[in-house]
Structures are given as C-alpha cells and as structure tokens.
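Residue numbers (the numbering used here): 1 to 196. Glycine included, C-beta positions come from ideal geometry on N, C-alpha and C. Computed from a prediction, not measured in an experiment: that's the story for all the values here.
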Amino acid sequence: MEEVETDVPGADVADKDTELRGERRISLSVRSLSLGVLITALVAALGVMSWLYIGATSKVDAQVQRANDNAHAEQIALDYAVRAAVMDYKDLGPWKQALVDGTTPELGKKLTDAANAMEQILLPLQWSSTAKPIAAKVRSHDNGMYVVDSFVSVMTKTVQAPQDLQSTATYSVTINPADGWKISDVGGIGQVVGDK
1 MEEVETDVPG ADVADKDTEL RGERRISLSV RSLSLGVLIT ALVAALGVMS WLYIGATSKV
61 DAQVQRANDN AHAEQIALDY AVRAAVMDYK DLGPWKQALV DGTTPELGKK LTDAANAMEQ
121 ILLPLQWSST AKPIAAKVRS HDNGMYVVDS FVSVMTKTVQ APQDLQSTAT YSVTINPADG
181 WKISDVGGIG QVVGDK
C-alpha cells in the first residue's frame, strides 16, 4: 500500500499552532512596558517617601518630648527656688518644709541640717523674705539628669535693713526624672557661673 499525501487546507496552520503552543512567547508592547516601569517607579518612590516621613515624624516627636521634659525640669527648679527663698523668722517651719519638698531623702537630710544651722542666724536678724520667679534654663542633660539654673527676685527685710532690699537669688538644681523628677542636688551662684 502506498501512502498518499493530501493537502488539507488549514493543515499547515494547525501544525504551526501546535508548534507555537510548545514555545510560549510573551510579547509586550512598548506602551505596556513603559506603563509597568512607571508604576514600579511610583511604588518605589511612595515607599521611599513613606520611610522618610516616618523617620521625620519620629525625630519631631523626640524633639517635642525633649522640649516638654526641659520645660518640666525648668518648672520644677523654678518652683523649688521660689519656695526656698520665701521665709519668715516668726515661723521657719514652712520654709524648712519647702527646702525638703520634692528632694531625695539624702538631700533632704542635708538641707534639714543646713536649715537648722541657718536658724541661728535668721532669728537674731529677724529675716523675712518674699520671692517671685524670674527664669529657669536647663544648663545640661547628661546621664538622665537635668541641671537647671533658676533665678528668683527676692525682697528681704531684716532688723538691720527694715526697708525691702531687692536681690536676685540664683540656684543650680539637679533633677532626676528616673526618680520621679526628684531634686537630688541644689547649689548656689558658684555652681551656676562656675567657681574661679
């Protein structure tokens, strides 16, 4: 028997379709490719912008927190300085209490001892004074401790000077936020301007 070849219309097309199915091809137009690249670039840019925004927001939040903490430390120091400068020889109890309020136990003991020693001077002089806040400024914030310089306007009367004498009292106050914002040290003008 002889084989006869016959031309069937469309047979070549069927063979080519079968060959094409075996080879998969992806064809993209320039327009589709450009659109894909553009979308990828936009997504990448959005990611970078989001990352930068989150980084900037955290920096701003940290600066706001630092400013709030500085203001809190300054207010504590200024309030303490005013309370410490107000005294009346007729009743030194409130002044002695004001000296130790908000301080650590160690500092409170030192201040109580100092107040008892000063009482021997204040009573004969008939010392009385009032105070108003002027300003407070954080000098440093190291190792978690704030050192704040406080300035207070003090009006003083004594038996030697019955007229009000105006002066400015200066306090260097060390505050520990980790210990409930307690005052751990108090100094005078020498600590503010530096001993020479």
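(request) Using a threshold of 9 Å, state whether the C-beta atoms of serine 184 and glutamate 106 are closer than that. (result) Yes, Cβ-Cβ distance for serine 184 and glutamate 106 is below 9 Å.
(request) Please determine if the stretch 61-81 and the stretch 127-142 are in contact, where contact requires at least 3 C-beta pairs separated by less than 8 Å. (result) yes
(message) Just to confirm my understanding: we take valine 159, look at its own chain, exclude 5 residues before and 5 after, and list those with CB closer than 8 Å. What are they?
(response) Pro124, Leu125 and Gln126
(message) Are the CB atoms of valine 147 and alanine 81 within a distance shorter than 9 Å?
(response) no
(request) Find out if the Cβ-Cβ distance for the pair methionine 87, serine 128 is shorter than 9 Å. (result) A contact, by the Cβ cut-off of 9 Å.
(request) Pick helix, strand or coil for arginine 139, following the three-state DSSP scheme. (result) strand
(request) Please report the residue range of the beta strand (DSSP E) in which alanine 73 lies. (result) Counting along the chain, alanine 73 falls outside any beta strand (DSSP E), though it belongs to the alpha helix (DSSP H) covering 30-85.
(request) Could you check what DSSP says for proline 133 in three-state terms: helix, strand or coil? (result) Of the three classes helix, strand and coil, the one that applies to proline 133 here is strand, per DSSP.
(request) Check whether the Cβ atoms of lysine 96 and asparagine 70 sit closer than 9 Å, and answer yes or no. (result) no
(message) Between the alpha carbons of serine 50 and glycine 188, how many angstroms are there, rounded?
(response) 50 Å
(request) Give the straight-line distance between the Cα atoms of asparagine 143 and glutamine 120, rounded to the nearest whole angstrom. (result) The C-alpha of glutamine 120 is placed about 38 Å away from the C-alpha of asparagine 143.
(request) Pull up the distance between the alpha-carbon of valine 48 and that of alanine 84, whole angstroms please. (result) 54 Å
(request) Take proline 91 as the anchor and find which of Lys157, Leu122 and Ser32 has the nearest alpha-carbon. (result) First, the residue type needs correcting, since residue 91 is aspartate and not proline in the sequence shown. Comparing Cα-Cα distances from aspartate 91 to each of Lys157, Leu122 and Ser32, the minimum goes to Leu122.
(request) With DSSP as the reference, label threonine 112 as helix, strand or coil. (result) helix
(message) Along the chain, where does the beta strand (DSSP E) containing glycine 165 start, and where does it finish?
(response) According to the sequence provided, residue 165 is leucine. The question's glycine does not apply to it. Its beta strand (DSSP E) spans residues 165-176.
(request) Please list, in chain order, all residues of the same chain as alanine 178 whose beta carbon is under 6 Å from its beta carbon, the five residues on each side excluded. (result) By the criterion of a C-beta distance shorter than 6 Å, alanine 178 is surrounded in its chain by Gly144, once the five residues flanking it on both sides are discounted.
(request) Just mark glycine 180 as buried or exposed, buried being the case when its beta carbon has 16 or more other beta carbons within 10 Å. (result) exposed
(request) Determine the contact status of serine 167 and valine 154, defining contact as a CB-CB distance below 9 Å. (result) yes
(request) Please go through the same chain and pick out, in chain order, the residues whose beta-carbon is closer than 6 Å to the beta-carbon of lysine 132, but skip the five residues on each side of it. (result) Ser153
(message) Let me confirm a value: serine 29 is counted as buried when at least 16 other C-beta atoms fall within 10 Å, else exposed. Which label applies?
(response) exposed
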